[in-house]
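**Student:** Next up is a structure, given as structure tokens.
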């Protein structure tokens, strides 16, 4: 990154995404002008960490800022945009499910900078964070691209629709997966089993994913049509109706796929 | 491991578990006497890999074997046990959901050696494989424990009931997680999205698990009560009824938990 690519950035928000990217921007040589949060304590903590001012009002954005990054909950963006005035900077949000266009009420130059990653400020993300970016003009997009490339080497230009779809995909592989872990954690607590014994298995299944069809690596009772074991498991879950319903649903889908594969195999032999 | 702890082992089965443990046993200094499989080609391949004989009949087990390890599908174990005769060795199976006692029709000395891991012979498992073991007597259990410790440092004595319950837990964190990945993979194919962009996220969510409650790391629309985004996602899934039903089910459970947490928080403030 060249010296003249260093940007002055104001961050709206002081949560997980704001905190993690503030630190990444600083490391990449950018300057954080100011931090705003609806929680003044959180704003003070993050402003202190990155030697920035605390922004008192959204109608008094620093005139020095090239970029104003809104990193708050998706559902609060509209409300914040309504409070912004006199914004000459590029106004960007970090949301998967919000259209870029909602920002145009507050700035002529708008964009998106969406991290396709589950970000918690307590846990350093060791890997590159894939960034889906967009911009309201070629020129704006180029500046956002430069910012994105200064903190990640996985940068993809993506419009509203594609971003929303990838956000949905992320919910399945991240939020729902994490919830499967949590349901299992609770089951282990209830049955006095060691959840920790499952950690190597959890890591193995995730780390073996390479982009090929995950069904190639499927194992377990449903994938081999083992109805006896499935029945034994369903009996064990009789006091846990939610887990039992989920077990039944997933296993039925896996069994149906297995049968379909078997039929195809038989058909190939016969034809 | 001392020299006199080296064991002679016959393996019944030539699939994923048989192949991976045959190689681990050899590396630990044990000797593989013979391999049997109902698929003679598979038996020949594995026997060749570990310089063992091919066993023609289950009624002619090598008299030299200390251990006979049955590593086949859970639902085929009973059938194989019925064919075994003249077994003086310790007879062990590797199944999560089968009682140890089914082996006692074929040998006086029986045990269990259950790997709590998703094992595919094509993929080397880099980590230690947790082993849940059992034995029909103290003496037998000690021998199985020595064998287990020679190939893993995560060994736990576990009876039929605990093993079945941990097997169920493994189905959730491994098979169902993998199926979530696969459903997402198919969705990406259908919508022409890059599934590979999701790989850092998949790894991050799994690798941050440390044994603490996974709900501590939950992110996403349902965990923050973002009903607008949930609605947008459900609309996107209108042509995928299975994924839509799953999305609704998981999100409702996450939302209910969030509301409960909020109520508890309010209650704490009020009381």
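Residue numbers (my numbering), protein chains in the order written: chain A, 6 to 276; chain B, 6 to 276. Beta carbons: idealized from backbone N, C-alpha and C, even for Gly. Computed from a predicted model, the values in this text were never measured in an experiment.
#1: At 9 Å on the CB atoms, spell out the chain A contacts of residue 231 of chain B, in chain order.
#2: Under 8 Å Cβ to Cβ from residue 92 of chain A, same chain only, skipping five residues before and after it: list those, please.
#3: With DSSP run on the structure shown, which of helix, strand or coil describes residue 58 of chain B?
#4: Mind pulling the chain A residues with CB within less than 9 Å of residue 169 of chain B?
#5: Does residue 29 of chain B have its Cβ less than 8 Å from a Cβ in chain A?
#6: Taking the runs of the alpha helix (DSSP H) that are 4 residues or longer, which of them lie wholly in the segment 148-219 of chain B?
#7: Whose Cβ in chain A lies nearer than 8 Å to the Cβ of residue 13 of chain B?
#8: Comparing alpha-carbon positions, which option in A:194, A:256, A:20 and A:212 lies nearest residue 229 of chain A?
#9: Return the bridge partner residues of residue 124 of chain B from the DSSP annotation.
#10: Which first and last residues belong to the beta strand (DSSP E) in which residue 69 of chain B is found?
#11: Indicate whether the contact test is met: 3 or more Cβ pairs, each with one atom in the segment 235-244 of chain B and one in the segment 199-208 of chain B, closer than 8 Å.
#12: How is residue 18 of chain A classed by DSSP in three states: helix, strand or coil?
#13: Quick one: does residue 150 of chain A have its CB under 8 Å from some CB of chain B?
#14: Would you say residue 246 of chain A lies against chain B (beta-carbon separation less than 8 Å)?
#15: Can you tell which of A:44, A:20 and A:57 has its C-alpha closest to the C-alpha of residue 36 of chain A?
#16: Start and end of the beta strand (DSSP E) containing residue 38 of chain B?
#17: What residues from the segment 191-205 of chain B come within 7 Å of chain A, judged by C-beta to C-beta, listed N to C?
#18: Taking a contact to mean a Cβ-Cβ separation below 8 Å, would you say residue 17 of chain A touches residue 27 of chain A in this structure?
#19: Quick check on the burial criterion: 16 or more other C-beta atoms within 10 angstroms. Buried or exposed for residue 7 of chain B?
#20: Residue 255 of chain B versus chain A: which residues are under 7 Å apart at the beta carbon?
#21: Along the chain, where does the beta strand (DSSP E) containing residue 139 of chain A start, and where does it finish?
#22: Considering only residues of the same chain and omitting the five flanking positions on each side of residue 29 of chain B, which have a CB-CB separation below 6 Å?
#23: Run through chain A and tell me which residues come within less than 9 Å of residue 95 of chain B, C-beta to C-beta.
#24: Does residue 165 of chain A come within less than 8 Å of chain B when only Cβ atoms are used?
#25: Is residue 225 of chain B close to chain A? Criterion is C-beta to C-beta, closer than 8 Å.
#26: Verify the CB distance criterion: does residue 267 of chain B have a CB-CB separation below 8 Å to chain A?
#27: What does residue 110 of chain A reach in chain B if we use C-beta pairs closer than 7 Å?
#28: So the alpha helix (DSSP H) residue 235 of chain B belongs to, where does it begin and stop?
#29: When the cut-off is 8 Å and only beta carbons count, does residue 258 of chain A lie next to chain B?
#30: Between the segment 181-191 of chain A and the segment 136-146 of chain A, can you find at least three pairs of beta-carbon atoms closer than 8 Å?
#31: Exposed or buried, which one is residue 214 of chain B when buried takes at least 16 other CB atoms within 10 Å?
#32: Does the CB of residue 177 of chain B have a neighbour CB from chain A at under 8 Å?
#33: For the structure I just gave you, are there three or more beta carbon pairs, one from the segment 100-107 of chain B and one from the segment 73-84 of chain B, closer than 8 Å?
#34: Determine the burial state of residue 225 of chain B: buried for a count of at least 16 other Cβ atoms within 10 Å of its Cβ, exposed for fewer.
#35: Quick check on the DSSP output: the beta strand (DSSP E) that includes residue 279 of chain A runs from which residue to which?
#36: What's the call for residue 68 of chain B, buried or exposed, on a 16-neighbour Cβ count within 10 Å?
**Tutor:** On the basis of the coordinates in this document:
#1: Under the 9 Å cutoff, chain A gives 78, 79, 80 and 102.
#2: 66, 73, 111 and 112.
#3: Residue 58 of chain B sits in a strand when the DSSP states are folded into three classes.
#4: Within 9 Å Cβ-Cβ: 234, 237, 238 and 241.
#5: Closer than 8 Å: no.
#6: Qualifying alpha helix (DSSP H) stretches, in chain order: 165-175, 182-196 and 204-212.
#7: Under the 8 Å cutoff, chain A gives no residues; its nearest Cβ is about 29 Å from residue 13 of chain B.
#8: Among A:194, A:256, A:20 and A:212, the Cα nearest to that of residue 229 of chain A is on A:256.
#9: Per DSSP, none; premise fails for residue 124 of chain B.
#10: No beta strand (DSSP E) contains residue 69 of chain B, which DSSP labels as neither H nor E.
#11: Because the criterion of three Cβ pairs below 8 Å is not met, the segment 235-244 of chain B and the segment 199-208 of chain B do not touch.
#12: For residue 18 of chain A, the secondary structure class from DSSP, reduced to helix, strand or coil, is coil.
#13: Answer no: the Cβ-Cβ gap between residue 150 of chain A and chain B never drops below 8 Å.
#14: With 8 Å as the cut-off, residue 246 of chain A does not count as an interface residue toward chain B.
#15: Residue 36 of chain A has its Cα closest to that of A:57, out of A:44, A:20 and A:57.
#16: Segment 36-41, the beta strand (DSSP E) holding residue 38 of chain B.
#17: Within the segment 191-205 of chain B, the residues whose Cβ lies closer than 7 Å to some Cβ of chain A are 192, 193, 196, 198, 200, 201, 202, 203, 204 and 205, listed in chain order.
#18: No, the Cβ-Cβ distance between residue 17 of chain A and residue 27 of chain A is not below 8 Å.
#19: Confidence is the limiting factor: at residue 7 of chain B the pLDDT is only 47, short of 50, which leaves the residue's position unreliable and the question unanswerable from this model.
#20: Within chain A, the residues placing a beta-carbon under 7 Å from that of residue 255 of chain B are 181 and 184, ordered along the chain.
#21: Residue range 136-140 is occupied by the beta strand (DSSP E) that includes residue 139 of chain A.
#22: The beta carbon of residue 29 of chain B sits closer than 6 Å to those of 156, all from its chain and outside the five residues before and after it, given in chain order.
#23: Listed along chain A, no residue sits closer than 9 Å to residue 95 of chain B by beta-carbon distance, the nearest being about 24 Å off.
#24: Contacts with chain B at 8 Å (Cβ-Cβ) do not include residue 165 of chain A.
#25: At a cut-off of 8 Å between beta carbons, residue 225 of chain B contacts chain A.
#26: Taking 8 Å as the threshold, the shortest C-beta distance from residue 267 of chain B to chain A does not fall below it.
#27: Residue 110 of chain A does not reach chain B, its nearest Cβ partner there being about 18 Å away, counting only Cβ pairs nearer than 7 Å.
#28: DSSP places residue 235 of chain B in the uninterrupted alpha helix (DSSP H) bounded by 232-241.
#29: Closer than 8 Å: yes.
#30: The answer is no - the segment 181-191 of chain A does not touch the segment 136-146 of chain A, with fewer than three Cβ pairs under 8 Å.
#31: Under this definition residue 214 of chain B is a buried residue.
#32: Using a Cβ-Cβ cut-off of 8 Å, residue 177 of chain B counts as an interface residue toward chain A, since at least one Cβ of chain A sits closer than that to its own.
#33: Cβ pair count under 8 Å is three or more, so yes.
#34: Per the 10 Å Cβ criterion, buried.
#35: The structure shown has nothing for residue 279 of chain A, since chain A only spans 6 to 276.
#36: Residue 68 of chain B is classed as exposed because its beta carbon has fewer than 16 other beta carbons within 10 Å across all chains shown.
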